[in-house]
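Residue numbers -8 to 127, in the numbering used here, belong to the letters of the sequence shown in order. The next block holds one structure in the form of structure tokens; read it before the comments.
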Amino acid sequence: MKRREFIALSVAASVVPAIGFAQGATYVPGLVTKELAAGKTVFLDFTATWCSTCAAQGRAIEAIQASNPAYAKEVSFIDVDWDDYGNGDLSKALNIPRRSTLVVLKGNKELGRVVAGTSKKVIKQLMDVALQAATA
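See below:
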């Protein structure tokens, strides 16, 4: 294998896993308000591409979604890029302390949150809260 091919493959291999952790829609200002106004249950993932805790959470969310398609069908998953919106209005309004924070909202209420937790069991409990609220 030539050096250039090796470098290109190495770079591609390092980028692909990060792409795989995208769980939902990408946040833009106004999206959460729009989804909540439409009566949807919103699962926010405050994440950063460089955050290993966020990556672990992403893998757990992805596995849980794969186990039950109702999560993705019933709940609006939104990824909030910490680097772009960590100091933004949404983060301030919800008192988000750091990246790797997961929050479930319905109407004007917060139904639950996980901060820096990577346990699949704990994340599934939060996702179950979201699914229950979405189907109630």
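Just so it is clear, CB atoms sit at the ideal spot from N, CA and C, and this is done for glycine as well.
So residue i and residue j are supposed to be a Cβ contact under 8 Å. How far apart are they, rounded?
{"i": "T134", "j": "V106", "result": "Absent from the structure is residue 134, since the part of the chain shown begins at -8 and ends at 127."}
{"i": "I55", "j": "K111", "result": "7 Å"}
{"i": "S67", "j": "K100", "result": "Contact doesn't hold; Cβ gap of about 15 Å is too wide."}
{"i": "D70", "j": "T109", "result": "D70 to T109, Cβ: 16 Å. No contact."}
On the CB-based measure, 16 or more other CB atoms within 10 Å of its CB, does residue i come out buried or exposed?
{"i": "A124", "result": "buried"}
{"i": "A51", "result": "buried"}
{"i": "D75", "result": "exposed"}
{"i": "G21", "result": "exposed"}
{"i": "Q116", "result": "exposed"}
{"i": "S82", "result": "buried"}
{"i": "V23", "result": "buried"}
If you drop the 5 nearest sequence neighbours on each side, which residues of the same chain put their C-beta closer than 6 Å to that of residue i?
{"i": "V120", "result": "V95, L102, G103"}
{"i": "F34", "result": "V66, F68, V95, A121"}
{"i": "A47", "result": "T109"}
Closer than 8 Å by C-beta to residue i: which residues in its own chain qualify, once you throw out the five before and the five after it? Chain order, please.
{"i": "R90", "result": "F37, T38, A39, C42, T44, C45, W73, G77"}
{"i": "T126", "result": "A61, E65"}
{"i": "P88", "result": "V106"}
{"i": "E26", "result": "V33, S67, I69"}
Just to confirm my understanding: we take residue i, look at its own chain, exclude 5 residues before and 5 after, and list those with CB closer than 7 Å. What are they?
{"i": "A63", "result": "Q56"}
Quick one: does residue i have its CB under 8 Å from some CB of chain B?
{"i": "E53", "result": "Protein chains in the displayed structure number just one, and chain B is not present."}
Which parts of the region 7 to 93 are runs of the beta strand (DSSP E), unbroken and 3 residues or longer, counting only runs that do not cross its ends? 32 to 38, 66 to 72
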